[in-house]
Every structure is written in structure tokens, then in C-alpha cells.
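Everything below concerns the one structure shown next.
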Amino acid sequence: MHVKHKNKPFGGFLIRPFIPWPALLIKNKEKIVVVSDLHLGYEFELAEMGINLPSQTKKLKENLVQLIEKSKPDRLIFLGDVKHSIPKISLQEWRDLPDFLREIGEKVSLIQIVPGNHDGRMAAFSASNVEIVSGRGLLLKGKDKIGLFHGHAWPSSKLFEAKIWLIGHNHPTIQFKSLFGFKVSKPVWVKIPINKKKLVKSFLKSRNVKIGEKNPEDVLMEKYGVKVNCSSLIVMPAFNELLGGLPFNIKSQNELLGPILRSEGIILEKSEVFLLDGTYLGLLKNLRKIG
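This note's numbering numbers the first residue of the sequence shown as 272 and each following residue consecutively.
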């Protein structure tokens, strides 16, 4: 899933999944790896429901170390929901997270955390090479720009300058059903085209900004001084395979998570869907037939 052919990187960036991991590789002057939705401590919520699993922190850490050793990034970005409990930090997270971040931090020069809705009080875990950035998103600058945010809320208006948005939050999957009715879900990447005018209109409405008869893009420029460039959205699969996810070919748009995916600004049925091994499954509108 290259945003452009690999010989013609997008805006100076080369963006692609780092197969077979649920991780995105971004190359420019530096090499960046992005992962989303670790939900460290999720198994302890399961334990409260009577489902007993060993701690997954060690396994997730080993997977990340292997990913870093293979990809050799200059920077690692966690795109939200590093931890699981809301809104507090659980005793288990107090015990596991500092060592987890320290050991991962020994393998990469810089870790940046874009907070998600599960990441309350993450500032407690900042360190010399662990930076907690704004929950309203992070802008990577090149000839064109890339906007990264978790997806549970609207990003900063500044991120409308980005050509491509990257989000997590939904843990996207595709559900397959056999002739005998057996169902299986597979984690996927989803690349969604954007209708700029409708997306900006939804954003301004969320900010209670009156548009009237004006072009929403003009209003965004007047109000925030931002020229709209966003044209596509990539939804990342969850890094923690225990989480399950939302089957995009079964759920309606209103059942997806976050204001962006529920807005009129995305063209959901024309989404391109890819398995973690890079297999192109097709358009979402066609995948609805196999759910």
C-alpha cells in the first residue's frame, strides 16, 4: 500500500506498511515507524470478567523490539492508546509502563506518544527520549505534510494542511463468512478518500463556527489561517492482536468510532482495504458482500 509508486514518494515521503507487522513505515530525511493501539493492561480488564490470560506486556515488548531491529527507525510514534485503563493509571500500568518505555527507548533515539482516549495522565511517563505530544495531533512536514492523531476526537485545525491523515482507534478488521456460516475476522489497513469540503464543514460544525453560504474551506482559512490539503485517510490496525476490532464490511458508518469516520467528509464505500501481508482485498463496498 504505497501512497504513490515507490519511485515517486509522496511529498518527499515514502509511506508503506512494514509487512507483516501492523506498523507503518515513513521515510523522508529520517525513518519513522508508527504503531497504534497497544492497550497495555487490557488482559486485566478481561480478568475482571473472569477471563484469565497472562500479561501480554512482555510479548508486545518483544514484538516491538523485533520490529525496531528489523526496520531500524530514527523515531517511533505511538498513535494513541498505549495503555488501556480509563481515566486512571492502574497499579499494573504503574508497574509495567516505565520499564516498557525504558526498554523500548533503548532501541530507538526518540519515542513520541500521540495520546488517545485511553492515555489519561500519560505525561507521568515522559522521559529524556519519550515525548508526549498534543492529543490534537502531530504534523510531519515535507513538501507535503502528514497528519497523525488517534481519531477519537477532531484534530487541531493545523492538521488540515496535511495531505494524508493517519489515525487508529477503530482496530479495523474485515469479516469473512464461509458457505457453512463460519466467520473469521482479519485485521486490515483501510485507505479512505476524503471530500475536503464536507470534512471541513463537519469540523467547523463541531466548533460551532457559522458557515452560512460561504465555502467551508474559505471559512477555515478566515478563522484559522489554514489551507485545506487533506485528500485521504489511513486507518491503522491495532498492534495488540488480542483486541479484536470493528468489522468495517459489517458495520454501518454510524457504528464506526470517532467523529471523522462518522462524518460526511469521508467516502467510506470507496475505501481500499489491505491485509497485513499487503494483499489488496478490494473496495469496501464489494467486501460487504462477503461478511
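For every residue, glycine included, the Cβ atom is placed at its ideal position computed from N, Cα and C.
- Under a 10 Å Cβ-count criterion, residue 446 is classified as buried, with 16 or more other Cβ atoms of the shown protein chains found around its own Cβ.
- In this chain, the beta strand (DSSP E) harbouring residue 288 covers 285–288.
- Between residue 461 and the set 366, 468, 439, 530, the nearest pair of CA atoms involves 439.
- Within the segment 447–478, the complete alpha helix (DSSP H) segments of 4 residues or longer fall at 467–477, listed in chain order.
- In the three-state DSSP reduction, residue 503 falls in the strand class (E or B).
- When secondary structure is reduced to three states using DSSP, residue 431 falls in the helix class.
- Looking at the DSSP output, residue 436 bridges to 418, 504.
- By alpha-carbon distance to residue 468, the top candidate from 506, 538, 416, 524 is 538.
- Straight across, the Cα-Cα distance linking residue 457 with residue 371 is about 27 Å.
- Nearest in C-alpha terms to residue 428, of all of 533, 410, 349, is 410.
- A distance below 6 Å between beta-carbons, with the five flanking residues on each side excluded, links residue 302 to the following residues of its chain, in chain order: 344, 345.
- Residue 551 is bridged by DSSP to 545.
- Looking at the DSSP output, residue 490 shares a beta bridge with no other residue.
- Residue 546 is positioned such that its CB atom lies no closer than 8 Å to that of residue 520.
- Note that the C-beta distance between residue 473 and residue 534 is below 8 Å.
- About 14 Å separates the Cβ atoms of residue 508 and residue 421, ruling out a contact at the 8 Å cut-off.
- Comparing C-alpha distances from residue 423 to each of 414, 334, 532 shows the shortest one belongs to 532.
- Around the beta carbon of residue 558, 16 or more other beta carbons sit within 10 angstroms, so the residue counts as buried.
- Annotated three-state conformation of residue 537 is strand, per DSSP.
- Between the C-alpha atoms of residue 560 and residue 459 there is a straight-line separation of about 17 Å.
- The shortest C-alpha to C-alpha distance from residue 375 to any of 388, 387, 386, 353 is the one to 353.
- Taking C-beta atoms as the reference points, residue 300 and residue 336 fail to come closer than 8 Å.
- Between residue 401 and residue 350, the gap from beta carbon to beta carbon reaches 8 Å or more.
- Between the C-alpha atoms of residue 455 and residue 552 there is a straight-line separation of about 15 Å.
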